[in-house]
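Sequential numbering of the sequence shown, starting at 10, is according to the numbering used here.
We treat Cβ as the ideally placed atom computed from N, Cα and C, and that holds for glycine.
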Amino acid sequence: YPTSDTSSLLRLLNYPPGRFGTISPHTDFEVFTLLHQTSPGLQLQVRGEWRWAPVPPQGTVIMMPDDMLEFWTNGLVTAMRHRVVSCGPERHSLVL
């Protein structure tokens with residue numbers, strides 16, 4: 010039930026086609042992010058280099074570890090540093 014002590018945050022984001030440029034490299038602060046990838050543009054930082062994340066088949070869900078999971082595991086699991094570049098199609102993001 011809702012309380013004033015909750016730390017939950019829902020973010021609804023819309024990226025118009027070809028108009029937002031690049032979202033700076035970052036990690037998310039939650040425990041993990043579930044992402045339903047439907048258009049290109051997501052890049053993951055792997056071993057210090059930027060590489061395009063493979064765009065999974067439609068209907069695939071990607072799980073990325075976030076800052077809180079890194080904290081809880083004392084660094085055993087590291088948060089996934091990522092960015093999004095504009096590749097044309099409109100993108101939507103729902104983060105909880």
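Neighbourhood of residue i by C-beta distance below 7 Å, restricted to the same chain and skipping five residues each side
| i | result |
| --- | --- |
| L53 | R60, A62, M89 and H91 |
| R56 | none |
| I32 | R92 and V93 |
| E79 | V86, T87 and A88 |
Beta-carbon separation (whole angstroms), residue i vs residue j, contact threshold 8 Å
| i | j | result |
| --- | --- | --- |
| S102 | L22 | 4 Å |
Residue-level contact to chain D via CB, residue i, 8 Å cutoff
| i | result |
| --- | --- |
| H45 | Reference to chain D is not applicable here, since this structure consists of a single protein chain. |
Other residues of its chain near residue i: CB distance less than 6 Å, five sequence neighbours each side excluded
| i | result |
| --- | --- |
| L156 | Here the chain has residues from 10 to 105 only, and residue 156 is not among them. |
| Y10 | With a pLDDT of 47 at Y10, under the threshold of 50, the modelled position of that residue is not reliable, and the figure given next carries that caveat. So no residue of the chain qualifies. |
| M73 | T42 and M89 |
According to DSSP, residues forming a beta bridge with residue i
| i | result |
| --- | --- |
| F41 | P74 |
| S102 | L22 |
| R60 | L53 |
Cβ neighbours of residue i in the same chain (closer than 8 Å, five flanking residues each side left out)
| i | result |
| --- | --- |
| D76 | T36, D37, F38, E39 and A88 |
| W81 | V40 |
| T69 | H45 and Q46 |
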